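Scroll down for the structure; my scribbles are underneath it.
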Amino acid sequence: MKLDKFFSFLVPKDRKFFPLFNEVADNLVVASDLFIKLLGESELSKRTEYIKAIHDAEHIGDDLTRKLMNELNGTFITPFEREDIHILVDKMDSVVDLLHGASKRIHTYNLSVFPKEFMQIAVIINAAVLEIQLVLRNVKNVNDFKLYINSCIKIGNMESEVDDIYQSFLANLFENEMNAIELIKKRDILAALEKAIDRCDDVAKVFSTLIVKMG
Amino acid sequence: MKLDKFFSFLVPKDRKFFPLFNEVADNLVVASDLFIKLLGESELSKRTEYIKAIHDAEHIGDDLTRKLMNELNGTFITPFEREDIHILVDKMDSVVDLLHGASKRIHTYNLSVFPKEFMQIAVIINAAVLEIQLVLRNVKNVNDFKLYINSCIKIGNMESEVDDIYQSFLANLFENEMNAIELIKKRDILAALEKAIDRCDDVAKVFSTLIVKMG
Amino acid sequence: MKLDKFFSFLVPKDRKFFPLFNEVADNLVVASDLFIKLLGESELSKRTEYIKAIHDAEHIGDDLTRKLMNELNGTFITPFEREDIHILVDKMDSVVDLLHGASKRIHTYNLSVFPKEFMQIAVIINAAVLEIQLVLRNVKNVNDFKLYINSCIKIGNMESEVDDIYQSFLANLFENEMNAIELIKKRDILAALEKAIDRCDDVAKVFSTLIVKMG
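Protein chains in written order, with numbering that gives the first Met the number 0: chain A, 0 to 214; chain B, 0 to 214; chain C, 0 to 214.
What follows is the structure, encoded as C-alpha cells:
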C-alpha cells in the first residue's frame, strides 16, 4: 500500500494541507531548538532574546493553525477524518504553546539555575518533534508503514522516559526542597515540559489511529 | 451581505438558538458585574451574598447550556457548523464557571484584601463579555461586518492586556511574597481570571472563524 | 419504550461496543476498589503493590479505549451519536487516569498519613462508578427509564457532596496547615479525586443527554 493513500486526506489535489503540516512541524522543531538554547544560556540578555523568539514561534504556530483550520473547512472530507485532523492540529499547536509557557515561566520566575532535568527533558522533546517532522515529511515519498509505526513507538517510549524523570524529580523536590516557593517554580516549569511530551505522544497516537484506519 | 445570513445557523425558523445565545451572554454579564461588586465589597456578609449570586449564575449558565445543546441536537445543521456552535457554547459556559471558581476561592481562602490586579482584570473581563453580548445582540439588525471584526480585535487586545498584568503580577509575587501559602492563594485566583479572559478570546476566535466561513 | 432502543447505538448487531463498554466500567470499579485498599493500607510494600495495580488498570483502560475507538470508526453511526460516544469513552477513561494520578502522587510525595477526606471521597467515587456500571450492565435487560434517570441524579448528588467536602477541606487546610509543601501535597491529591468525581458526573450527563435524545 502506498503511503500517500494512507495520508491521502493530507494530500488532496490543489490543497495546501500537506505543506502547511510541514510548516507546523518545522516551527515545532524551531521552538524546541530555541528552548534548548535558552536552557544552555547563562547570559540574561541572550536568554531574553530566546524567550522572545519562542514567543514569536508561538505566534507563527497560531497563524499556521488558523490557516490549516480554514483549509480544513473549505475541503470536503468525511467527519471522521476531520476529527483526526482537528486533534492533530490542536495537539501540535499545544506543544509550541507549552514550550512557550515554560520559557515564559523561566522569565517570570526569574530562575537563574536550572535543575539538570530541564535539559534532559528538553532534549527528549526535541527528539520527539524531530520524529513528528520526519513522519510528516516522508508521507509522500516512502511506502513503508513500519517507518511510521517505528516513529510512533519511539515517541511513546520518550513519553515514558520523561514521565520517569519527572516523577523522580518531583519525589526528590518534595523531599529536599525546603523552600516552597522555589518548589513551586521548578515544578511549574517541569510540569509544562511534561505536558509538552504528552502532547507529542498524542500526535503519535493520532498517527497510529490513522494507520489502523487507512491500513 | 446580510449578517443574518452570516449567523444564519443561529436564527433558523422556529428555533430558539438565537434568544438562548442572548440569554447566555446576558448571564455572563450578570456574573461579571457581580464579580466586580464582590471585589469592591469589604463587608463579609455582603461578599457571601455576591458569591452565592455568582454561584446561582453558574447554575443558570449550566441550564442554558443544556437547553442550547438539546436545541442543537434537534436541529439539522452540518457537522461543521455543529462543531463551531459546540465550541461557542462550551467556551461561553467556561467564562461563568471560571468567575464562579475565582469567587469560590476568595471564599475558601478567606481572603480579605485583594491585590489591585484582581479588580483591573475583572474590569477588563467585564468589557470583554459586553463585547460578546453586543455581537450576539446585533446579529439580526446590523449589516456591517466591521462591527464584528472590531469586537473580535478588541477582545484579542484585552486578552493581551490581561496577560501582561498577570505576568508582571506573578513576577512581583514570586519576588516579594515570602509566604508561600499567600502566594498560592493569590496566584490561584488570578489564574482563574486569566483563564476567563482566555475563554472570552476563544469566543471571539469562533466569531472570526464564522466570519471567514460565511463571508 | 424498550431501553435497548434507547441505547441502540451501543448494541448494533455483530458489534462489540456493548461488551467493551462493560469492560471499561468493570475496570473502573477495579481501579476504584484498589484505590480504597491503598488508602486503608499502612504497610509501605503493600501500598506499592496497590499503586502498581492501579497503574495496570490505567493501561487496561487505555487499551479498552483504543479498541472502542477503533470499533467506533468501523461502525456506521450518525456524527451526533459518534460525538456522545466519544465523550462517554473519553470521560470514563479520565476517571481511571485521575485515580492513577492520585495514587502516583501518594507515592511521589511519600505521604504516610492521609486526611480522612481522602477516604470519604474515595468511597463516594466508588459508589459513583458502581452506578455507571449498573447503567451499562442493564441496558439490555431493563425497560425502565427511571432506573437510569435515578442513577444519573444519584451521581450528580455525589458530585455535590464531594465538592462540599473538598471545599471545606481546602478552607481548613489553608487556615491551619502552616507548612506550604504539605499543603501542596494534600491539595494535589484531593484535587485529582475531585476531578475524578467530576468526570463521573460528566458520564452521567451523557447518559441524561442520551435519554433526552432517544426518549
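For every residue, glycine included, the Cβ atom is placed at its ideal position computed from N, Cα and C. Since the model is a prediction, treat every value here as computed from it, not as a measurement.
query                                                                                                                       : result
Presumed contact (8 Å Cβ cut-off) between alanine 56 of chain C and leucine 33 of chain C, rounded CB distance              : 7 Å
Neighbourhood of aspartate 92 of chain C by C-beta, 6 Å cutoff - its chain only, sequence neighbours within 5 removed       : Gly60, Thr64
Inter-residue Cα distance where the pair is alanine 230 of chain B and asparagine 137 of chain C                            : As shown, chain B starts at 0 and ends at 214. That puts residue 230 of chain B outside it, with no answer to give.
Straight-line Cα distance separating glutamate 116 of chain B from histidine 260 of chain C                                 : Outside the modelled stretch of chain C, which goes from 0 to 214, sits residue 260 of chain C, for which no answer is possible.
Whole-angstrom C-beta distance between alanine 179 of chain C and alanine 179 of chain A, which should lie under 8 Å        : 3 Å
Contact with chain A by glutamate 116 of chain B, beta-carbon distance below 8 Å                                            : no
Cβ pair count under 8 Å reaching 3, the stretch 119-137 of chain A against the stretch 157-166 of chain A                   : yes
Cutoff 6 Å; reference lysine 12 of chain A; Cβ partners in own chain excluding five residues on either side                 : Low confidence applies here, because lysine 12 of chain A scores a pLDDT of 45, under 50, leaving its location unreliable and the question unanswered by this model.
Within chain A, partners of asparagine 137 of chain C - CB distance below 8 Å                                               : In chain order: nothing, as chain A lies at least about 30 Å away.
Euclidean distance between Cα positions of leucine 19 of chain A and valine 122 of chain A                                  : 25 Å
Listed by chain order, chain A residues near glutamine 119 of chain B by CB distance under 8 Å                              : Neighbours of glutamine 119 of chain B on chain A: none; closest Cβ ~18 Å, over 8 Å.
When C/Phe173, C/Asp197, C/Leu110 are compared against cysteine 151 of chain C, the one with the closest alpha-carbon       : C/Asp197
Min CB distance isoleucine 105 of chain A to chain B below 8 Å                                                              : no
Member of B/Met177, B/Val28, B/Ala24, B/Arg46 whose CA lies at the smallest distance from the CA of serine 102 of chain B   : B/Arg46
Residue interval of the alpha helix (DSSP H) (run including methionine 68 of chain A)                                       : 43-72
Per-residue contacts from leucine 169 of chain C into chain B (C-beta, under 9 Å)                                           : Arg104, Thr107, Tyr108
Contact set between alanine 179 of chain C and chain B, taken where Cβ atoms lie within less than 9 Å                       : Asn178, Ala179, Ile180, Leu182, Ile183
With 16 other Cβ atoms within 10 Å as the buried cut-off, status of glutamate 174 of chain B                                : exposed
Length of the line joining the Cα atoms of arginine 104 of chain B and valine 94 of chain C                                 : 24 Å
Nearest to alanine 52 of chain A (by Cα), restricted to the options A/Asp62, A/Leu71, A/Ala30                               : A/Ala30
Where lysine 145 of chain C falls, given that 16 or more other Cβ within 10 Å makes a residue buried                        : exposed
Valine 205 of chain B, buried or exposed, once every other Cβ within 10 Å from all chains shown has been counted against 16 : buried
Assigned exposure category for alanine 195 of chain B - 16 Cβ within 10 Å defines buried                                    : buried
For arginine 81 of chain B, the nearest candidate out of B/Met157, B/Asn149, B/Val112, B/Phe16 (CA to CA)                   : B/Phe16
Test: glutamate 174 of chain B CB closer than 8 Å to a CB of chain A                                                        : yes
Neighbour-count burial assignment, valine 88 of chain A, 16 or more Cβ in a 10 Å radius                                     : buried
Rounded C-alpha distance that separates asparagine 72 of chain C from alanine 24 of chain C                                 : 21 Å
Check whether aspartate 96 of chain B and isoleucine 154 of chain B have beta carbons under 8 Å apart                       : no
Cutoff 8 Å: glutamine 132 of chain C Cβ touching any chain B Cβ                                                             : no
Cβ distance (whole Å) where isoleucine 210 of chain C is taken to contact isoleucine 120 of chain C below 8 Å               : Between isoleucine 120 of chain C and isoleucine 210 of chain C the Cβ distance is about 27 Å, and since that is not below 8 Å, they are no contact.
Distance between tyrosine 49 of chain A and serine 44 of chain B (C-alpha atoms, nearest Å)                                 : 49 Å
CA-to-CA distance, aspartate 62 of chain B to asparagine 21 of chain B, given in whole angstroms                            : 14 Å
Buried or exposed (CB count within 10 angstroms, at least 16 for buried), glutamate 42 of chain B                           : exposed
Proximity test, Cβ basis, 8 Å: methionine 276 of chain A and chain B                                                        : As displayed, chain A neither begins before 0 nor continues past 214, which places residue 276 of chain A out of reach and without an answer.
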